[in-house]
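First residue of the sequence shown: 1, per this note's numbering; consecutive thereafter.
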Amino acid sequence: MSQIFLREIEKIKAQLVYLFKMVEMNYTLSCRSLNEGDMAAAQEVFRREREIDDKKIDIQEECFKIVALHQPVAFDLRFLMATLKFNNDLERIADLAASIANRAQILNKMPPVDLPFDVDSMSNHVHSMLTRSLDALINLDQDLAKAVLNDEEAVNEIHRSNLQAIKKLIVKNQENIDALLNYLAVSRYMERIAEYVTNLSEEVVYIIEGEIIQHPHQDK
1 MSQIFLREIE KIKAQLVYLF KMVEMNYTLS CRSLNEGDMA AAQEVFRRER
51 EIDDKKIDIQ EECFKIVALH QPVAFDLRFL MATLKFNNDL ERIADLAASI
101 ANRAQILNKM PPVDLPFDVD SMSNHVHSML TRSLDALINL DQDLAKAVLN
151 DEEAVNEIHR SNLQAIKKLI VKNQENIDAL LNYLAVSRYM ERIAEYVTNL
201 SEEVVYIIEG EIIQHPHQDK
């Protein structure tokens, strides 16, 4: 295996970790905009989203170039194929973070309402999954990756509970229906982020073990 190939693989790894951290920061900023009414954080999410899109394209092109020039096999080929999947899923997480920031902007223009669910607790749970999936990737830790997989159902249950709570509040508080529906959308976005984080953890297992995990996702 040539030193050039090894350097290019290490470069891809560094770019992927950088993209991962950019997406994590955007999720953090979107939650801040929602929880604290920080509209500057929301604007920062939208600005950084363009950078994330550019980085995704760079990584994709690098992967294609390495495959074409070096024709890797086994672990290295799995890593590159998984990187392409990581790329797509991280972009989708960034899109959902932007959607949360957009809902925060909408809610900021409405009369304040009592939170229909514990937004901070749900956002922290999803953030924990995201950071641990990054740790699993950096350390190629399949046990940690599988632990993240097992957390998805907890987020699904939180969302189902939020849905029921908001339904009841809509019946009782017709005047707050718009705000409540925006919070329901936020809950759904966080649930979707947890699903994509689960996909990321599945890819870590695939890189290490060569095993494709078909982790069941609930139909919503």
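The C-beta atom is built at its ideal place from N, Cα and C for all residues, glycine as well.
M81: member of the alpha helix (DSSP H) spanning A74 to N108, first to last residue. When Cβ pairs closer than 8 Å are counted between the two stretches, the region 75 to 82 is seen to touch the region 200 to 210, the count reaching three or more.
In the structure shown, V197 adopts helical secondary structure according to DSSP, grouped into three states. Contact between the region 173 to 181 and the region 118 to 132 is absent: fewer than 3 CB-CB pairs across the two stretches fall below 8 Å. Between N156 and D89 a beta carbon distance of about 18 Å is seen, past the 8 Å cut, so the two are scored as non-contacting.
In this structure, the alpha-carbon of N102 lies about 7 Å from that of A42. In this structure, I52 lies near V23, with their beta-carbon atoms less than 8 Å apart.
Going by beta carbons, I4 and T83 fall outside the 8 Å limit. If you ignore the 5 residues before and after Q105, its C-beta comes within less than 7 Å of the C-beta of M39 and A42, all in its own chain and listed in chain order. Rounded to the nearest whole angstrom, the CA to CA distance from V148 to L140 is 13 Å. Secondary structure note for V67: its alpha helix (DSSP H) is the uninterrupted segment M39 to H70. Of the residues A68, K167, L134 and L19, the one whose Cα lies closest to the Cα of R50 is L19. Pairing I93 with Y196 gives a Cβ-Cβ distance under 8 Å. Its chain contains I59 as the residues whose beta carbon lies nearer than 6 Å to that of Q15, once the 5 sequence neighbours on both sides are disregarded; these appear in chain order. CA-to-CA, the gap between M190 and S2 works out to about 43 Å.
DSSP places N162 in the helix class (H, G or I) of the three-state scheme. A distance below 6 Å between beta-carbons, with the five flanking residues on each side excluded, links I158 to the following residues of its chain, in chain order: M122.
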